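My numbering numbers the first residue of the sequence shown as 7 and each following residue consecutively. Quick reminder that beta carbons are idealized off the backbone N, C-alpha and C, glycines included. Quick caveat: nothing in here was measured; it's all calculated off a predicted structure. Working notes, beginning with the structure itself.
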Amino acid sequence: MRQLLIVFFMLFSASAWAETRDPANHFFQPKFGDLQADLQEAKKQGKQGIFLFFEMDDCPFCERMKTTILNQAEVQDAFRAKFLVYSIDVNGDTEMTDFQGKDTSEKAFSFGHRVRATPTLLFFDLDGKMVARHTGPTKDKAEFLLLGRYVAEGAYATQPFAKYKQGK
């Protein structure tokens, strides 16, 4: 009986600890297509910047991140507390306005930021300046959360993410 109770507790704890939600609704925010206006909104909301997740259809690494990391309630809450969070389709023809107010497409914006692989994770400060880049998927939820903390704490100004990771 005691073993059954322990197993039940472990199963209940694991499921409560790892609450999952659809990243399309709970991680990514709806895009208005104007990053300059988004910067103003980020300032108004007291955010630290904007996080862009560059992806493309049929990218297995993007899909893995969405189903194992970006769907975690803890990740969603942590990132949305600090950043406005958007996805960018590297092959997308959707028109948008970049941080400088220039009209472009998602594809051209991606190319202009040297996004050559997906996923690529870019963080921009409240002036629209890119402050951190991570190409490829993170290893796991812990590394993704650490990447967000690295930017939120401003550690990008003094050290690369790899060095920051070693100290944690």
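In DSSP terms, what residue i is bridged to
{"i": "R86", "result": "Its beta-bridge partners do not exist; DSSP assigns none."}
{"i": "Q56", "result": "Here the sequence assigns Ile to residue 56, which means Gln is not the residue at that position. BP columns for I56 point to L90, F130."}
{"i": "E61", "result": "D95"}
{"i": "T26", "result": "Q78"}
{"i": "T100", "result": "According to DSSP, T100 bridges with nothing at all."}
{"i": "D40", "result": "T103"}
{"i": "S111", "result": "E101"}
Whole-angstrom C-beta distance between residue j and residue i, which should lie under 8 Å
{"i": "F59", "j": "P125", "result": "6 Å"}
{"i": "D28", "j": "E61", "result": "At roughly 15 Å, the Cβ-Cβ gap does not stay under 8 Å, so D28 and E61 are not in contact."}
{"i": "L76", "j": "Q35", "result": "Actually they are not in contact, since the Cβ atoms of L76 and Q35 sit about 13 Å apart, beyond 8 Å."}
{"i": "Q172", "j": "G107", "result": "39 Å between Cβ atoms; not a contact."}
{"i": "A79", "j": "T26", "result": "7 Å"}
{"i": "S111", "j": "D99", "result": "5 Å"}
{"i": "Q46", "j": "K88", "result": "Contact doesn't hold; Cβ gap of about 17 Å is too wide."}
{"i": "F67", "j": "G142", "result": "7 Å"}
Assigned exposure category for residue i - 16 Cβ within 10 Å defines buried
{"i": "D44", "result": "buried"}
{"i": "A163", "result": "exposed"}
{"i": "A168", "result": "exposed"}
{"i": "G154", "result": "buried"}
{"i": "K49", "result": "exposed"}
{"i": "A30", "result": "exposed"}
Which runs of the beta strand (DSSP E), 3 residues or longer, sit entirely within the region 125-169? 126-130, 136-141
Pairs of beta-carbons, one from the region 129-146 and one from the region 154-168, closer than 8 Å: are there three or more? With a cut-off of 8 Å, the region 154-168 and the region 129-146 count as touching, because enough Cβ pairs lie within range.
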